[in-house]
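What follows is a set of notes on a single structure, which appears directly below.
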Amino acid sequence: MATAGPQIEIEVRLAADGGERMRDDVRAGLSAEPKELAPKYFYDERGSQLFERITELPEYYPTRAERAILDSRSGEIVAGAGEPRTLVELGSGSAAKTRHLLDAMRDAGCLRTYVPVDISAEITHETAESLVGEYPGLAVRGLVCDFEHDLERIPGGEGGRLVAFLGGTIGNLYPEARHEFLCRIAGLLGSEDRLLLGTDLVKETARLEAAYDDSLGVTAKFNKNVLRVLNRELGADFDLDAFEHVARYDAEQARMDIRLRSLAAQTIRVEALAMSVDFAAGEEMRTEISSKFTRRRLELAYAEAGLEMSGWFTDPAGDYALSLAAPYSSQ
Ligand code: SAH
Ligand code: AVI
């Protein structure tokens, strides 16, 4: 446990395995056909900063749409969640939009504890420091971990918890992993707890593809950042200029499919894995999916995981949705 001040406690679960999980993931991903890397490896300090820049791009509407909903409906959301004392946030990042929820909890007089849960240590520490300054009396109990593995370490809380998973990050999980994740969340929620989930909604292909292939090339840099991470962490020798960013909407699967395409035939050495990997010219390696939802599809996903939707909030254009959900037994 690392304690960063009287009101901040941050538990760091990463590196406990000496990077073994990353080596296993990358070895499996680079040996697979087609090759694939997990999106969680985008988010070192630079990756988190690039994501923050993405959220400000004119083409990237999800952050603005979610902020608009939180800005106008946080009071209702907090009331619908039973005025919880603890806000747990999965994939919290800079918690920029979270302030709306914290404000509403403070205004309702229920705010006690904020629990940011993120894989990026740097941004979690920065977020914790900023928030204790902004919300006098707030206790921050952070967890730096991979939320697909360490969800059960999230602290409990008296007086109800709101578990927020914002930004549409659930869309970055494959359907099976998403189902498992929702089941585990359902298992964690007590009868007074609620899930608040942000999901991007299905829309026309042109807008979706523009949101993931912006004219300034920030998303391309974000995508290639995973190669930098591998160069640094695993002693790989990826040349970032030898790959290009590809972002296509797969309408059948209702998801963005984000890849890196090798511009030439090349062999990459990954020292820490004692591995050489061949790429053919034009070969694509997937680095992320980003699923898009409809209300019906989400209700089904909830039902399959033992959850029931108890609130649905969208922006005026219907681009994005926040939904509240509770375990079946508490309805
Ligand atoms: N919630 C913020 C940030 C979204 S970006 C927003 O809505 O703007 C996705 C965040 O999830 C990043 O901060 C990233 O570090 C974190 N993340 C991605 N995969 C993760 C994982 N497996 N475990 C924990 N955090 C993860
Ligand atoms: C974090 N996640 C919800 C983003 C998304 O939209 O899927 C990540 C991202 N990838 C490219 N642009 C943004």
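Count the sequence shown with the working numbering and you get residues 7 to 337, in order.
We put the CB at the ideal spot given by N, CA and C, even for glycine.
For clarity, every value in this text was computed on a predicted model and none was experimentally measured.
Check: Would the beta-carbon of GLU65 be found less than 7 Å away from any heavy atom of the ligand SAH?
Finding: Not so, every heavy atom of the ligand SAH lies at least 7 Å from the Cβ.
Next item on the list: Return the CA-CA distance between VAL146 and GLU215, expressed in angstroms with no decimal places.
Entry: 37 Å
Notebook entry, point to check: Using the beta-carbon count (16 or more within 10 Å), is MET7 buried or exposed?
Noted result: Its pLDDT being 48, under 50, MET7 is placed unreliably by the model, and nothing is read from it.
Notebook entry, point to check: Ordered along the chain, which non-local residues of its own chain (more than five positions away) have a Cβ less than 6 Å from that of ARG118?
Noted result: Leaving aside the five residues that flank ARG118 on each side, the residues in its chain whose CB is nearer than 6 Å to its CB run, in chain order, ARG91.
Check: With C-beta atoms as the reference, is ALA192 less than 8 Å away from LEU313?
Finding: With contacts defined as CB atoms closer than 8 Å, ALA192 and LEU313 qualify as a contacting pair.
Item checked: Continuous beta strand (DSSP E) stretch holding ASP30: start and end -> Not the beta strand (DSSP E): ASP30 falls in the alpha helix (DSSP H), residues 26-37.
Margin query: Given 7 Å as the limit, tell me if GLY173 has its C-beta closer than that to any heavy atom belonging to the ligand AVI.
Written below: yes
Next item on the list: Give me the Cα-Cα distance between ALA253 and SER316, rounded to the nearest whole angstrom.
Entry: 34 Å
Check: Heavy atom of the ligand AVI less than 7 Å from the Cβ of TYR218, yes or no?
Finding: yes
Item checked: Any non-hydrogen atom of the ligand AVI within 7 Å of THR130 CB -> no
Notebook entry, point to check: To the nearest angstrom, how far is it from the Cα of SER296 to the Cα of GLU89?
Noted result: 31 Å
Next item on the list: Note down, one range per segment and in chain order, each alpha helix (DSSP H) of at least 4 residues found wholly within the stretch 154-219.
Entry: You should have 181-194, 211-217.
Next item on the list: Note down, in chain order, each residue of its chain lying with its Cβ closer than 6 Å to the Cβ of LEU43, except the 5 sequence neighbours on either side.
Entry: GLY35, VAL232, THR293
Next item on the list: Measure the alpha-carbon distance for TYR334 versus VAL276 and round it to whole angstroms.
Entry: 47 Å
Check: Name the DSSP bridge partner or partners of THR92?
Finding: THR119, ARG167
Notebook entry, point to check: According to the Cβ coordinates, are ILE274 and ASP247 closer than 8 Å?
Noted result: No.
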